[in-house]
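J.: Input: one structure, supplied below.
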Amino acid sequence: MLKKISFALFDSGETILGALVFSTFFPLYITNYLDTKIYTFLYGISFGISFILALILGKVADEKGLRKGFFLLFSILTTLSGIALYLFYKSIYLALFVFILMAIFHQQTIVFYNSMLVSFEDKGFTSGLGVAFGYVGSAISLIFLAKLLKIPDVFLISAVIFLFLSFPSFLFLENPKVKTKVSIKEIIKERDFLFTIISILSLTEVANTLIAVMGIYLREVYRFEDFLIYRIIGISAIGGVIGGIFWGYLSDRFRVEKIFLLGFFLWIFFLILLPFIPADFVYFIGFLAGFSLSHIWTVSRILLIEKFPEKQVSTRMSFLSLTERIASTTGLVVWSFLLLITDNNFKLSAFLMILFPIAGLCFYRVSYKKHFKT
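Take the sequence shown: its position 113, counting from 1, is numbered 126 in my numbering, and each next residue is one higher.
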């Protein structure tokens, strides 16, 4: 159990770092001095660099058995970048450069962190526990730390918290020692793998868009005050904690491709239901949102480990990281387009997002057609 808790604590620390630095304080700070378009462009470029670097290093890690080594290296580099951000925040361009490096290091850490799941027998429960701890970290960040911290202290404190919660993983997680030759070209040619990645992307598009616009949706549709919005988001965190454990448990006891399949129907049900929920029942929607979000975070990484060669886990996890980065951008672009064509009809726009899980389901069924026959 010590290994599982160590794995989960890292997820919590990573979520706190992401919520405070990447999602909140640094973007709000830097855009006071730099055009938002420049910031978002450079941040977007960092995603591409991260993916290419993850592919290269993932191949090295799979061939040399260096997964934990890279995990340690990039965790420490992420921490040092946070400290550097604290020291150099007044120099805008230097701070932006450090932040971009931090984002790249952070993404590498996630790739090799996910790869560490190979060492666990009950991978589903371990993954779900990590997701549950991540939701706890997110709640702590938004409810307590965000109110207490200010720039530049938030950069230093977030980095220290991240390192502190990562330390048990450094000590107790085992390095997956499996090694194999990896051909990135051959992986890219695998239809089943690419269709699986596309299907994961389809759900991640909905998930990331929901996270980004939930507060705005509640304000525009229900005219809720901020304190009610925060409460509903808090309820969604509870749904995420319960969902992480639930989906992890199911993933260990049933075929993971069938558990992942449930996610498409869960999101379709959610998006059909969402426009018709009255204000009195909106807490249920908050809980269901968190419960649905925890499915994709818990099950997707288990799916890649269980259904594709685990000796290539780091290389393949780099593609999972890519889906996160793509979804963070394109989901919001699509959402903006839907609002445009519906004349800012939030309910209809949310319903039209149903196209993502439907398309993903089609790709997934083609990819795993043989599994649905058994």
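For glycine and all other residues, C-beta sits at the position ideal for the given N, C-alpha and C.
Per DSSP, what kind of secondary structure is Ser196 in: helix, strand or coil?
T.: For this step, residue 196 is matched to residue 183 along the sequence shown. DSSP places Ser196 in coil when its eight states are reduced to three.
J.: For Asp135, tell me which candidate among Thr311, Phe376, Phe321 and Ala363 has the shortest Cα-Cα distance.
T.: The count along the sequence shown starts at 1 and reaches residue 135 at position 122. Measuring from the Cα of Asp135, the nearest candidate turns out to be Thr311.
J.: So what does DSSP say about Thr53, is it helix, strand or coil?
T.: If you number the sequence shown from 1, residue 53 lands on position 40. Reduced to three states, the DSSP call for Thr53 is helix.
J.: Residue ranges of each alpha helix (DSSP H) run of no fewer than 4 residues wholly in the stretch 339-384, ordered along the chain?
T.: Here the runs fully enclosed are 359-365 and 368-380.
J.: Can you say whether Lys77 is buried or exposed, counting buried as having 16 or more other CB atoms within 10 angstroms of its CB?
T.: Stepping through the sequence shown from its first residue, residue 77 is reached at position 64. So Lys77 ends up on the exposed side.
J.: Using 9 Å as the threshold, is the C-beta distance between Ala21 and Thr122 below it?
T.: Here residue 21 is taken as the residue at index 8 of the sequence shown, counted from 1. Here residue 122 is taken as the residue at index 109 of the sequence shown, counted from 1. Taking 9 Å as the Cβ cut-off, Ala21 and Thr122 do not qualify as a contacting pair.
J.: Would Asp166 and Tyr262 qualify as a contact pair, given that the criterion is a beta-carbon distance under 9 Å?
T.: Here residue 166 is taken as the residue at index 153 of the sequence shown, counted from 1. Here residue 262 is taken as the residue at index 249 of the sequence shown, counted from 1. No, the pair does not count as a contact, with Cβ atoms beyond the cut-off.
J.: What residue from Pro189, Gln325 and Tyr126 has the CA that sits closest to Val195's CA?
T.: Taking the sequence shown and counting its residues from 1, the one referred to as residue 195 is at position 182. Residue Gln325 is the option with its Cα nearest to Val195.
J.: I'd like the span of the alpha helix (DSSP H) that includes Glu218, first residue to last.
T.: If you number the sequence shown from 1, residue 218 lands on position 205. Element bounds for Glu218: Arg204 to Tyr235.
J.: Just checking my contact of Leu109 with Leu47 at CB under 8 Å: how many whole Å lie between their CB atoms?
T.: Along the sequence shown, read from residue 1 onward, the residue named residue 109 stands at position 96. Along the sequence shown, read from residue 1 onward, the residue named residue 47 stands at position 34. With a Cβ gap of about 7 Å, Leu109 and Leu47 count as contacting.
J.: Contact criterion: CB-CB distance below 9 Å. Does Trp280 meet it with respect to chain C?
T.: Of the chains in the structure shown, none is chain C; there is only one protein chain.
J.: For Asn45, does the count of other Cβ atoms within 10 angstroms reach 16, so buried, or fall short, so exposed?
T.: On the sequence shown, position 32 is the one that residue 45 refers to. Classification for Asn45: exposed.
J.: CA-CA distance, Phe175 and Thr355?
T.: Taking the sequence shown and counting its residues from 1, one reaches residue 175 at position 162. Taking the sequence shown and counting its residues from 1, one reaches residue 355 at position 342. Roughly 42 Å separates the two Cα atoms.
J.: From Tyr126 to Ile224, what distance separates their C-alpha atoms?
T.: What you label residue 126 is simply residue 113 of the sequence shown in a count that begins at 1. What you label residue 224 is simply residue 211 of the sequence shown in a count that begins at 1. Each residue's alpha carbon lies about 23 Å from the other.
J.: If contacts are defined as beta-carbon pairs under 8 Å, then Ala220 and Leu306 qualify, I think. What distance do you get, rounded to the angstrom?
T.: Locating residue 220 in the sequence shown gives position 207, where the first residue counts as 1. Locating residue 306 in the sequence shown gives position 293, where the first residue counts as 1. At roughly 5 Å, the Cβ-Cβ gap stays under 8 Å, so Ala220 and Leu306 are in contact.
J.: On a CA-only basis, which of Ser264, Phe64, Leu351 and Ser341 is nearest Ser313? Give me that one, please.
T.: To locate residue 313, count along the sequence shown from 1; it is residue 300. For the residues Ser264, Phe64, Leu351 and Ser341, the minimum Cα distance to Ser313 belongs to Ser264.
J.: Run through DSSP, which three-state label would Ser332 get?
T.: Position 319 of the sequence shown, counted from the start, is the residue given in the question as residue 332. Contrary to the premise, residue 332 reads as Phe rather than Ser in this sequence. The answer is helix: DSSP assigns Phe332 an H, G or I state.
J.: Contact defined as beta carbons within less than 8 Å: I believe Gly147 pairs with Thr28. What is the distance between those atoms, to the nearest angstrom?
T.: As a position in the sequence shown, residue 147 is number 134, starting the count at 1. As a position in the sequence shown, residue 28 is number 15, starting the count at 1. Yes, they are in contact, since the Cβ atoms of Gly147 and Thr28 sit about 4 Å apart, within 8 Å.
J.: Could you pull the start and end residues of the alpha helix (DSSP H) that Val173 belongs to?
T.: Sequence index remark: in the sequence shown, residue 173 carries index 160 (1-based). Element bounds for Val173: Asp166 to Phe185.
J.: Where does Gly31 fall in DSSP's three states?
T.: Mapped onto the sequence shown, residue 31 falls at position 18. It is helical.
J.: Measure the beta-carbon distance from Gly303 to Gly228 and round it to whole angstroms, keeping in mind my assumption that it falls under 8 Å.
T.: The residue you call residue 303 lines up with position 290 of the sequence shown. The residue you call residue 228 lines up with position 215 of the sequence shown. Not confirmed; about 14 Å, so no contact.
J.: Report yes or no: do three or more beta-carbon pairs, one from the stretch 208-219 and one from the stretch 360-374, lie closer than 8 Å?
T.: Because the criterion of three Cβ pairs below 8 Å is met, the stretch 208-219 and the stretch 360-374 touch.
J.: By Cβ distance, which residues of its chain are closer than 7 Å to Tyr42, with the 5 residues on each side in sequence left out?
T.: Locating residue 42 in the sequence shown gives position 29, counting from the first residue. Here the set comprises Ile164.
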